[in-house]
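Taking it in order: structure first as C-alpha cells, then the write-up.
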Amino acid sequence: MSAARVGVVTFPGTLDDQDAARAVRLVGAEAVPLWHADRDLKGVDAVFLPGGFSYGDYLRCGAISRFAPLMDDLVPAARAGLPVIGTCNGFQILCEAHLLPGALTRNASLHYVCRDQRLKVEQTETAWTGAFERGQEIVLPIKHGEGRYVASEDTLAALEAGGHVVFRYVGNPNGSLNDIAGIRNEAGNVVGLMPHPEHAVEELVGAPSTDGLGIFASVLKNLVNA
Amino acid sequence: MTDSVKRAAETPDEPMPFAELGMKQDEYDRVKEILGRRPTGSELAIYSVMWSEHCSYKSSKVHLRQFATKAPKSEALLVGMGENAGVVDIGDGWAATFKIESHNHPSYVEPHQGAATGVGGIVRDIMSMGARPIAVMDALRFGAADAVDTRRVLPGVVEGISSYGNCLGLPNIGGEVVFDPCYIGNPLVNALCVGLLRKDQIKLATAPGPGNKVVLFGASTGPDGIGGASVLASATFEDESQAKRPAVQVGDPFMEKLLIECCLELYAADVVVGIQDLGAAGVSCATTELAAKGTGGMKVDLNLVPLRDPSLRPGEILMSESQERMMAVVRPDDIPAFMAICEKWDVPATVIGEVTDTGRLVMTWDGEVIVDIPPGTAADEGPVYERPFHEPAGQAALNADTPDRLARPEDLRATLLKLLGSPNLASKEWVTNQYDRYVRSNTVLAQPADAGVLRVSEVMEGAEPTTRGIALSTDGNGRYAKLDPYAGAQLALAEAYRNVAVTGAQPLAVTNCLNFGSPEDPEVMWQFAEAVRGLADACRTLGVPVTGGNVSFYNQTGSTAIHPTPVVGVLGVIDDVARRVPSGFVADGLRVVLLGDTAEEFGGSEWAHVEHHHLGGLPPRADLEAERALATVLVEAARRGLLEGSHDLSDGGLAIALAESCLAHGVGATVELTGDPFTDLFSESASRALVVVRPESYDEFASLCGRHDVPCYGLGMTGGSSLVVRDVFEVSVEDLRETHTAALPALFG
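If you read the protein sequences in the order shown, they are chains A and B.
If you count the first sequence from 1, you need to add 13 to reach the numbering used here.
If you count the second sequence from 1, you need to add 66 to reach the numbering used here.
Now the structure itself:
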C-alpha cells in the first residue's frame, strides 16, 4: 500500500508549513506541498492548513487567504468530505472560508502568548482526533495574538449541543468563549484548533510533549481504514 | 532645480548644509578635496551618512583593530569581520553566520517600530550572507523597572520584537532583560540573528563583472528613516527627540518573510553574483559598498527606484532607510529567472543600474548626472579619529568604595526572596511568552535555559542529515563594566562562553555589541578603549575569535552616559544535539555539584544593587584559564553523558542558581554549605557552574574535574518540594515560584 498523502498548504506568510510537513512524515505519511496560487490539490488524501501570518494578518486574520485560488478547490472538497485541519492561522482561514462557524479575535490579554497549554479532548468522532481518548488531557503549545474564539449565542449552543467542540482549554489563555480551543464541522472531517500539534511531536524539540502525534496518527488511521 | 555635477562645478561657493547632516567642517573639506569641487546635494547625502559614526566606525576603528591583530588562530572562521556577518564552520559541511546589532536610539524615540526594525535589519544581514535565518534573540536594557518611562518603552519594545519576529517565523530563543536607572533615557535594544548555510554557499557583498545588472528588490522607498544613521545613532539626545520621530523607520515583517523565502530561492537557483541588504544609509550604503568591493564602478538611474512617495528628491532617496529592501548583482542572462522568482513571492524587483569598470559610482536623475564619486572614498575611506581618552576623574574613588562597608543580612531566606523577586532576577516570562520559541521545530532549548540550542538537521531540504546542534548566548553586565571596563568586557565574554558550555556545546566564535556614551567625552572613550582591549585579550585566551559586531555610541542624555555595556554573544557547537544538557534539576535523587571556587566578591553584585543601591569596588576577578578549564569539563562530561542538568552561576550567585534550578522542573534540593553562608550563597565569583549527576556517575565526573583542575564540591541531593540549605533556611519551590513570577506582571500588567 502506498503511503497516505497529506497536503500542506503554503500561503504567503505561512510559517509552520515545514513543521507540519515534518510531523506528517514522522507518522509515516507523505507530505505534499500545496501552493496557494495553484488550483491543484494534487490528489491528496487530507489537507493541513498550517499556522503563520498569511498576508501579514494585516487585514482580519485569514480574510485574504480565503480568496486564494487553491481555496476554490479546497472548500468544495472539504464540503464533500476531504479531511481538512487548520491550526492557528489555518483555523482562522477555515472560519473565514465558512467551513467552520465563529471567529478568532484578539486575545483578552491583548498580548501575543506562546506557552505550553493543557487541553481536554472533548471529541474523538472526527477525522483528526480518533487516536485520542475522550476526556484525555494533553499538552500542546499555543502561540497566537488572535486566538479568542467567539460566536453568536445560537452558534455556541449548536456547537455544544451537536458535540462539535473538539478541544477545550484547561486554564483559558485567551478569553475564548466556553474555553473553546478547537471545533469540528457537522461531518467531522473538518477540524480547526488554535494550538499547534506539529510542535509537539518529538522529544528533542518543541514543546515538552509529544501529544501532537495523536492528530497525525488519527488522520492516518482514518485514511487507512477508509 | 536638480543640483547636478555640472551645476556643482559651476557654483563652487554655494553653501551646502553639511552641518545639518551631522558633518564636521574638516570632513566636508575632505569631500571637496576628493571630488576637486563642492559635492552635489546627493553626493553630500551619501558622504554624510557613510561617514557618520554609525556607518564608518570613525571613532572606534583604531581600537577595534585589536579584534583582528589579537585574534586567536581558528580553523572554524570562514568569514571574519568586515562583511555583513561573520561565518563559522560548524562541521559536516554546515556553516553558521551570526551577528548582534544595536537599534537603541530608534527604540527610545518609537519603541515598537524601533525594536521591530532592529530585528528586521539584523535578519537581512544574515540573509545577505546566503543563509537561512533560523533564530533571533535580544539583549535589552531599560531604566528602573518602576520608572514611568520604562512602562512606555518596555511594552513597546517587547511588542515590536514580538510582532516582527513572530510574523517572520523565527524562533526567539534567548536574550536578556536588565533594568538599571542609567538606561532610563537610553534603553538598549541589541538584536541578534543566527543563520545556517552550506559551507560552499557563502554570498558576499560585491559587485563584480561589468555589464552585470543591479537589482533593487523588496519594499518600495519612502520617506521613513531619512538620515536615521547620521541623525539618530550618531549624536547625543538633547531634548528634541519628538522632532526626530520621522527618522524612525517603519517595519513590514510580512514583506521581510517574503524576502527571506525569495532570497533563498534565488540562491538555490544560483542567479545572484553579489548581494547586500539595505540598512543604515539605504541605497547610499548598498551602492557604494557593493561597487567598492567589486569591479569598482556602477551606474544607477535613480528615477528607476520604485517610490512610495513620488515627491521624494534624489538626496532623500539615497538616505531613506525604508525597510525590507535588498540589492543584488545579477548576470544579464539570469535576469528573467531572477524576476520570475521575485514574482512568485510577490516581491517587487527593478533593475536600477549596472556594474561598470570606470571606478566611479555615477547616478543620474532626470537625465542629469547628480553623483560621480569614487565609491571607495565613501565606503571605506571615511575619516578615522584617534579620540583622546583618559580614566574618569571619579574612577579611583569608585573603586575604593568597596562593598565591605555594607551591612550583611541576618535573614538569608529573606535576602534570597528579595533578590529572586527583584526585576533583574525575576522570571522574564512576561516578556518571553510574547515570543514564538517553537516555529521551525528545531528549538531544543530556549529561554530561560542558559543558552538557546537549535538542532541543525533538516533546516534545508535535501541536505544530508547531521546530529549537530548550535548553542547561543548573549551576556553583559554594565555594572561590572562601569567598575572596570577591561574586566567587565572579559566577564561578559566569560559568562556567554560559560552559558554555551553548560549546555554541552563547545564555544566557537564571538559577536559583540558595544554600547557606550559619547566618544567625544574622553572618559567614555577610556571606557570604550579598555573594554575593547579586555575583550580582545579574553578572546585570545579563550580561543574564540570575534567575527563581527556593532558599536553604538552616543547612548547618553545630556552629559550623563549609560554604564559602559559591552554585550557579548557566543556561538558554540555540539556534536550530537541529543546530548545537550537541560537547565536545572531535572529529577529527584541526583547529586548536586558546585564547580569552581567562591571568593568574597560583591563589587557590582545584584545583592549590593538591590539591597543597598550600591555600586563600587571592583567586579569579580575574571580568571579566563579557569573559565576555559570549566568549559572543557562541561563539554566532555556532556559528551560522555555524565550530566543530567546544569546551570551557570552569575548574577545573584549560588542562591539564585539553586532557586532557578529548582524552578526549572519543579524539583527541590537539600544542600549543605561549608563556608560563610552569606558569601557562599550570594558572592558572584566567576567561572562557576552548578550541575546534577547521577550518584553512580559522581566518581567518574569528579575525576574528570580533577584532571582539569576544576574544583568540584558535592553540595547535596535533589528531591522534595523545597530548597533546603541545611542550618540556614528552607523555602518551598512554590514560594520560590510565586516570588519569581509575580514581579514583572505586577509592574507591566
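For every residue, glycine included, the Cβ atom is placed at its ideal position computed from N, Cα and C.
Would you mind sorting residue i into buried or exposed? The rule is 16 or more other CB atoms within 10 Å of its CB.
i                : result
Asp69 (chain B)  : buried
Glu561 (chain B) : buried
Gln91 (chain B)  : exposed
Ala309 (chain B) : Here the model assigns Ala309 (chain B) a pLDDT of 41, short of 50, so the residue's position is not dependable, and the following value carries that caveat. Result: exposed.
Lys156 (chain A) : buried
Arg792 (chain B) : exposed
Ser625 (chain B) : exposed
Val134 (chain A) : buried
Asp432 (chain B) : exposed
His456 (chain B) : exposed
Asp79 (chain B)  : exposed
Thr77 (chain B)  : exposed
Thr135 (chain B) : exposed
Ser787 (chain B) : exposed
If we cut at 8 angstroms on Cβ distances, does residue i have a partner in chain B?
i                : result
Leu62 (chain A)  : no
Glu199 (chain A) : no
Gly69 (chain A)  : yes
His49 (chain A)  : no
Phe66 (chain A)  : yes
Arg35 (chain A)  : yes
Glu138 (chain A) : no
Lys55 (chain A)  : no
Val22 (chain A)  : no
Cys127 (chain A) : yes
For residue i, which residues does DSSP report across the bridge?
i                : result
Trp592 (chain B) : Answer is none; Trp592 (chain B) lacks a bridge partner.
His680 (chain B) : According to DSSP, His680 (chain B) bridges with nothing at all.
Ser788 (chain B) : B:Ser798
Glu667 (chain B) : DSSP lists no partner for Glu667 (chain B).
Pro46 (chain A)  : A:Val21
Arg521 (chain B) : B:Gly535
His713 (chain B) : B:Leu756
Pro573 (chain B) : B:Gly638
Distance cutoff 8 angstroms, beta carbons only. Does residue i sit that close to anything in chain A?
i                : result
Ala644 (chain B) : yes
Gln389 (chain B) : no
Arg218 (chain B) : no
Val636 (chain B) : no
Leu747 (chain B) : no
Cys259 (chain B) : no
Gln500 (chain B) : yes
Val510 (chain B) : yes
Lys494 (chain B) : no
Asp412 (chain B) : yes
Lys323 (chain B) : yes
Ser507 (chain B) : yes
Ser307 (chain B) : With a pLDDT of only 39 at Ser307 (chain B), under 50, the local geometry of the prediction cannot be trusted, and the value read off the model is given with reservation. No, no contact with chain A.
Arg311 (chain B) : Reliability of the predicted coordinates at Arg311 (chain B) is poor, the pLDDT of 39 falling under 50, and the value obtained from them is presented with this limitation in mind. Output row for Arg311 (chain B): interface = no.
Cys408 (chain B) : no
Gly235 (chain B) : yes
Compare the C-alpha of residue i against each of the options and name the closest.
i                : options                             : result
Pro875 (chain B) : B:Leu356, B:Val349, B:Glu355        : With chain B covering only 67 through 815, there is no way to say anything about residue 875 (chain B).
Ala76 (chain A)  : A:Ile106, A:Asp85, A:Asp86, A:Leu87 : A:Ile106
Leu781 (chain B) : B:Gly187, B:Leu747, B:Leu802        : B:Leu747
Ser228 (chain B) : B:Asp290, B:Val497, B:Leu661        : B:Val497
His212 (chain A) : A:Asp224, A:Ala50, A:Asn235         : A:Asp224
Glu327 (chain B) : B:Asp423, B:Ser194, B:Glu225        : B:Ser194
Thr509 (chain B) : B:Pro475, B:Leu482, B:Val643        : B:Val643
Asn369 (chain B) : B:Gly419, B:Ser763, B:Ala74         : B:Gly419
Against chain D, does residue i count as a neighbour if the rule is that its beta carbon must be under 8 angstroms from one of theirs?
i                : result
Cys728 (chain B) : In summary, chain D is missing from the structure at hand, where the protein chains are A and B.
The ligand FAD heavy atoms versus the CB of residue i: any closer than 7 angstroms?
i                : result
Leu720 (chain B) : The ligand FAD is not among the ligands present in this structure, which contains no ligands whatsoever.
Query - Within the segment 326 to 363 of chain B, ranges of the beta strand (DSSP E) (whole runs, at least 3 residues) - result: List check, beta strand (DSSP E) in window: 340 to 343.
**Report entry** Entirely enclosed alpha helix (DSSP H) segments - the segment 209 to 260 of chain B, minimum 4 residues
**Finding:** Whole alpha helix (DSSP H) segments, 4+ residues: 214 to 234.
Query - Complete beta strand (DSSP E) runs within the segment 89 to 146 of chain B (minimum length 3 residues, chain order) - result: Taking only runs of at least 3 residues, the beta strand (DSSP E) segments lying wholly in the segment 89 to 146 of chain B are 143 to 145.
Query raised in the report: Unbroken alpha helix (DSSP H) runs of length 4 or more, entirely within the segment 134 to 197 of chain A: which are they?
Result: The segment 134 to 197 of chain A contains these whole alpha helix (DSSP H) runs: 166 to 174.
Requested in this report: Jot down the residue ranges of each uninterrupted beta strand (DSSP E) in the segment 366 to 437 of chain B, minimum 3 residues, whole runs only, in chain order.
Outcome: Here the runs fully enclosed are 391 to 396, 415 to 422, 427 to 431.
Query - Unbroken stretches of the alpha helix (DSSP H), 4 residues or longer, contained in the segment 490 to 519 of chain B - result: As far as the segment 490 to 519 of chain B is concerned, its whole alpha helix (DSSP H) runs of at least 4 residues are 495 to 498.
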